[in-house]
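Asker:
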Amino acid sequence: MDPTNTLPPDSVPLDAVPVADPSFFDGLVLFLQSVAGWIATAFDGQVELLGKYGWRLLAGLGTTLEMVGISLAIGGLLAIPVALARLSRIGPIRALAVSYIFFFRGTPLLAQIFLIYYGSGQFRPFFESAGLWPIFREAYWCTLIAFSLNTAAYTGEILRGGIEAIPPGEIEAARALGMSRWLMLRRVILPGAYRIALPAYGNEIILMIKGSAIAMVVTILDLMGQTKLIYARSFSFEIYLYAAAIYLMVTFILTRAWARLEAWMNPQRRPPRAA
1 MDPTNTLPPD SVPLDAVPVA DPSFFDGLVL FLQSVAGWIA TAFDGQVELL GKYGWRLLAG
61 LGTTLEMVGI SLAIGGLLAI PVALARLSRI GPIRALAVSY IFFFRGTPLL AQIFLIYYGS
121 GQFRPFFESA GLWPIFREAY WCTLIAFSLN TAAYTGEILR GGIEAIPPGE IEAARALGMS
181 RWLMLRRVIL PGAYRIALPA YGNEIILMIK GSAIAMVVTI LDLMGQTKLI YARSFSFEIY
241 LYAAAIYLMV TFILTRAWAR LEAWMNPQRR PPRAA
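Quick look at the structure:
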């Protein structure tokens, strides 16, 4: 036998090696071109979408921050008497504070908005006689009242925990200096309670920002309300991604700023400086 006409046992003829079908590569190229074209078209569409409706998102963000800021300010002021009443030795006062906190912490914020916004119409003669109907007939003010009362309950309970966590030695030292109850509350108890409650209150602020999105159900054009309006006009679901990104950006900035505030008010929590 001619050895030149023989193949090694483990070799395979070239015509037996499978070769990829050229149509597969053609199809892959067409697929990649289609994907690239879709991305380019989608990008152009999103640029056009943001150029047309971006100002609405910014306006909605402004409304959200305004409502949350005002409600936190009012709720923070209401939280002080709520916390003090919660710690009162007088039974009826303490029971009233416990009932208030129990109701607003135990019911959905959406239900509270509905009760104030839709329920106030049942007492229209009373509100008109008191000159308050222009407030209770507007969705914005009703939502603001609901937000303020809700956050006052949570903040009051947070502040109550901060007051109870104050070291007894600080209170005894204040009494030894002859401080009155009001002076001791203003100079020792509340400042210390605020420092202790700062981390928990930061969480409450973040929850308020995210929870404010339900204001859209009573026609408030906050960030989520504007987003829903834009979607109804453009049918572009990506607008919800942009709204979520804005909420995420706001909470991230607030979280970082709040961490710096905690470090400033509590020097013992500051990270050690490098030598």
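Positions 1 to 275 (the UniProt record's numbering) are the ones given, in order, by the sequence shown.
All C-beta atoms, glycine included, are put in the ideal place defined by N, C-alpha and C.
Please read all numbers here as calculations on a predicted model, not as lab measurements.
1. For the 8 Å Cβ check, are there 3 or more pairs between the segment 159–168 and the segment 179–197?
2. Near R195, which residues of its chain fall below 7 Å by C-beta distance, leaving aside the five closest residues on each side in sequence?
3. Which same chain residues end up closer than 7 Å to L96 when comparing Cβ atoms and leaving out the 5 residues on each side of it in sequence?
4. Taking the alpha-carbon positions, what's the G156 to L87 distance?
5. Using only the alpha-carbon positions, how far apart do R181 and L241 sit?
6. Which term fits L144, buried or exposed, when burial requires 16 or more other beta carbons within 10 angstroms of its beta carbon?
7. First and last residue of the alpha helix (DSSP H) that includes T251?
8. Do we get a CB-CB distance below 8 Å when we pair G91 with the residues of chain C?
9. Less than 8 Å separating the beta-carbons of A193 and L149?
10. How close, in whole Å, do the beta carbons of I246 and L223 come, if the pair is a contact with beta carbons under 8 Å?
11. When DSSP labels each residue in this structure, what does T107 get in the three-state scheme?
12. If you count every other CB in all the chains shown that lies within 10 Å of the CB of T151, and 16 or more means buried, which is it?
13. So the alpha helix (DSSP H) P134 belongs to, where does it begin and stop?
14. Does the distance from the C-beta atom of A197 to that of G162 stay below 8 Å?
15. With 16 as the cutoff for other CB atoms within 10 Å, does V17 come out buried or exposed?
16. Applying the criterion that 16 or more other CB atoms from any shown protein chain within 10 Å of the CB defines a buried residue, is T64 buried or exposed?
17. Short check: CB of G60 to CB of T227, under 8 Å?
Answerer: Answer, in terms of the structure:
1. yes
2. M265 and N266
3. A85
4. 11 Å
5. 52 Å
6. buried
7. E238 to M265
8. Here there is only one protein chain, and chain C is not present.
9. no
10. 6 Å
11. coil
12. buried
13. W133 to F136
14. yes
15. Low confidence applies here, because V17 scores a pLDDT of 49, under 50, leaving its location unreliable; read the following figure in that light. Per the 10 Å Cβ criterion, exposed.
16. buried
17. yes
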